[in-house]
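Some notes on the structure that comes next.
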Amino acid sequence: AMIDKGNHRHFMLKEIYEQPVVVAQTLRSYVRRIDDQVSLPIPDFDLSAIRRVTIVACGTSFYAGMVAKYWFEQFARMPVDLDVASEFRYRAPVMEPEGGLALFISQSGETADTLAALRHARAEGQKIAVVVNVPTSSMAREADLLLPSHAGPEIGVASTKAFTCQLAVLAALVANVARAKGRLTPEEEKDIVRHLSEAPSAINQALAQDEAVQALAPLIVPARDVLYLGRGTDYPLALEGALKLKEISYIHAEGYAAGEMKHGPIALIDEAVPVIVIAPSGPLFEKTVSNMQEVQARGGKVVLISDEDGIAAAGEGCLATLALPKVHPLIAPMVYAVPVQLLAYHVAVIKGTDVDQPRNLAKSVTVE
Ligand code: G6P
Numbered sequence: 241a242m243i244d245k246g247n248h249r250h251f252m253l254k255e256i257y258e259q260p261v262v263v264a265q266t267l268r269s270y271v272r273r274i275d276d277q278v279s280l281p282i283p284d285f286d287l288s289a290i291r292r293v294t295i296v297a298c299g300t301s302f303y304a305g306m307v308a309k310y311w312f313e314q315f316a317r318m319p320v321d322l323d324v325a326s327e328f329r330y331r332a333p334v335m336e337p338e339g340g341l342a343l344f345i346s347q348s349g350e351t352a353d354t355l356a357a358l359r360h361a362r363a364e365g366q367k368i369a370v371v372v373n374v375p376t377s378s379m380a381r382e383a384d385l386l387l388p389s390h391a392g393p394e395i396g397v398a399s400t401k402a403f404t405c406q407l408a409v410l411a412a413l414v415a416n417v418a419r420a421k422g423r424l425t426p427e428e429e430k431d432i433v434r435h436l437s438e439a440p441s442a443i444n445q446a447l448a449q450d451e452a453v454q455a456l457a458p459l460i461v462p463a464r465d466v467l468y469l470g471r472g473t474d475y476p477l478a479l480e481g482a483l484k485l486k487e488i489s490y491i492h493a494e495g496y497a498a499g500e501m502k503h504g505p506i507a508l509i510d511e512a513v514p515v516i517v518i519a520p521s522g523p524l525f526e527k528t529v530s531n532m533q534e535v536q537a538r539g540g541k542v543v544l545i546s547d548e549d550g551i552a553a554a555g556e557g558c559l560a561t562l563a564l565p566k567v568h569p570l571i572a573p574m575v576y577a578v579p580v581q582l583l584a585y586h587v588a589v590i591k592g593t594d595v596d597q598p599r600n601l602a603k604s605v606t607v608e
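Quick note: the sequence shown uses full-length UniProt numbering, first residue 241, plus one each step.
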């Protein structure tokens, strides 16, 4: 069937707005409200025997994998190795066949680097799990454990809804492995299921910031460089925010671990470099805020993306603030993805670039 943009000016915007629906649709396959359990397709191997996870992907899918690494460590206490596919394939990664799960994440299921990495991991005796948005793809066919993200066809070259749906699948996978490893009590699992079920409405609340993001966009357009900072799972979100901006607005942007800024990028800070700080209130908040204040002390213009408590505590003196709902760590990345997607989108629209088909980029890269 032909897919059209509906009332939206670009596929990218349509796909950003579809997220509450497609995340809900994805979660329906992985969460059972009847008994408050997460549930995966049954693999032909024992999840509780997994001792180490190797996560490999490219681009935006890689950042979803990076979020999953933090989650696996925190919730399942599993050691995780993570790499981009093009490096993973040609370094000499050490994978024990015993208890080794290799996890590949891909919207298309056809990215050549990721597919080559998958075949390499299989040859090294790993069980193969695949999070993929195209269920008929090569990667889907080669999986031992196929975990579809039900985002529907994604047309915009810059990935948006596939990313948040990948995160939904990964959250369920982590919870499942945590349960299999005896790291999750039924009460904790119930709590996670409840929070996951709230993700679509939290994403909706994030979309309600669209006008605020649109109002902010003209202040970012003149920048030559933009920095994105975050800690914990907000670090991959910072990387994703910078990637989105680069891809579609052609403004140079870097994502950095907030604590690492003092080891380099702080030298770039002046009033011409906007700094997007992703910092929900929580255990890492104070530390990120102190990094943010180092930026402000050097004249840097900060956009703070946080919740109401975070903004009340640290929003003063910022160029702009964006308030998101307070959410569980297993859904926060899905919610915080929305304003960074929208910011890239509105900046690109003002700059007049080809938002859905940015120069030099392809939707699916089938060459190494
Ligand atoms: C291309 C696309 C990106 C995407 C990456 C990985 O570079 O432009 O948006 O994140 O490939 O694609 P995959 O289909 O493997 O997720």
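Glycine included, C-beta positions come from ideal geometry on N, C-alpha and C.
With a threshold of 9 Å between beta-carbons, can residue i be considered close to chain C, or not?
i            : result
arginine 291 : In summary, chain C is missing from the structure at hand, where a single protein chain is found.
Need the endpoints of the alpha helix (DSSP H) that residue i sits in, please.
i                 : result
valine 453        : 450-460
phenylalanine 251 : 251-257
leucine 559       : Counting along the chain, leucine 559 falls outside any alpha helix (DSSP H), and DSSP gives it neither H nor E.
proline 440       : 426-447
alanine 420       : 401-420
histidine 360     : 352-363
isoleucine 488    : 474-489
serine 326        : 325-330
glutamate 394     : Unbroken run through glutamate 394: none, as it is neither H nor E.
alanine 537       : 525-537
serine 378        : 378-381
Assuming residue i is part of the beta strand (DSSP E), what are its boundary residues?
i             : result
arginine 292  : 292-297
lysine 541    : 541-546
tyrosine 468  : 465-470
aspartate 594 : That residue, aspartate 594, is in no beta strand (DSSP E); it is neither H nor E in DSSP.
lysine 367    : 367-372
valine 515    : 514-518
glutamate 494 : 492-497
serine 346    : 340-346
leucine 386   : 385-388
Within the present structure, is the beta-carbon of residue i separated from the nearest heavy atom of the ligand G6P by less than 8 Å?
i              : result
isoleucine 345 : yes
serine 348     : yes
serine 437     : no
alanine 584    : no
lysine 603     : yes
threonine 351  : yes
glutamate 487  : yes
threonine 354  : yes
alanine 369    : no
valine 453     : no
leucine 588    : The question names leucine, but residue 588 is alanine in the sequence shown. The answer is no for alanine 588.
cysteine 298   : yes
serine 301     : yes
aspartate 554  : Checking the sequence, you will find alanine at residue 554 rather than aspartate. Not under cutoff, so the answer is no.
serine 326     : no
alanine 342    : no
valine 397     : yes
alanine 361    : no
alanine 402    : yes
Take residue i as the anchor and find which of the options has the nearest alpha-carbon.
i                 : options                           : result
lysine 502        : Ser530, Val414 and Leu343         : Ser530
phenylalanine 418 : Arg291, Ile274 and Asp384         : Strictly speaking, residue 418 in this sequence is alanine, with phenylalanine absent from that position. Out of Arg291, Ile274 and Asp384, Arg291 has the C-alpha closest to the C-alpha of alanine 418.
leucine 360       : Ala512, Pro393, Ser326 and Ala380 : A small fix is needed here, since residue 360 is histidine in this sequence, not leucine. The residue with the shortest Cα to Cα distance from histidine 360 is Ser326.
serine 279        : Asp286, Gly349, His248 and Asn416 : Asn416
phenylalanine 403 : Thr561, Glu255, Leu343 and His586 : Glu255
valine 517        : Gln536, Ile545, Ser348 and Asn444 : Ile545
valine 307        : Leu387, Ile506 and Tyr475         : Tyr475
leucine 459       : Gln536, Val607 and Ala584         : Ala584
lysine 484        : Gly339, His248 and Gly396         : Gly396
glutamate 548     : Pro520, Glu608 and Glu494         : Pro520
proline 514       : Ala537, Val543 and Tyr496         : Val543
arginine 599      : Ala588, Phe302 and Ala411         : Ala588
Pull up the distance between the alpha-carbon of residue i and that of residue j, whole angstroms please.
i                 : j                 : result
arginine 272      : lysine 430        : 10 Å
phenylalanine 312 : methionine 318    : 6 Å
methionine 252    : valine 263        : 16 Å
lysine 401        : glutamate 511     : 33 Å
lysine 591        : glutamine 265     : 34 Å
tyrosine 310      : serine 489        : 29 Å
threonine 294     : leucine 341       : 6 Å
alanine 363       : serine 377        : 20 Å
valine 595        : phenylalanine 328 : 31 Å
histidine 250     : valine 605        : 22 Å
residue 615       : alanine 537       : Outside the shown range of the chain, which is 241 to 608, sits residue 615, and nothing can be said about it.
residue 205       : arginine 423      : Since the first residue of the chain shown is 241 and the last is 608, residue 205 is not available in this structure.
lysine 603        : leucine 322       : 23 Å
aspartate 353     : alanine 552       : 44 Å
leucine 562       : isoleucine 345    : 29 Å
alanine 408       : glutamate 394     : 16 Å
lysine 527        : glutamate 494     : 20 Å
With a threshold of 8 Å (Cβ to nearest heavy atom), would residue i be considered close to the ligand MN?
i           : result
alanine 308 : Although the ligand MN was asked about, the structure shown includes only the ligand G6P as ligands.
- Query: Does the pairing of the segment 572-582 with the segment 364-374 give three or more beta-carbon distances under 8 Å?
  - Reply: no
- Task: Determine contact between the segment 446-457 and the segment 576-589, defined as no fewer than three beta-carbon pairs at a distance below 8 Å.
- Result: yes
- Message: Would you call the segment 294-303 in contact with the segment 262-280, where contact means no fewer than 3 C-beta pairs closer than 8 Å?
- Response: no
- Would you call the segment 464-480 and the segment 281-289 touching, i.e. three or more CB-CB distances under 8 Å? no
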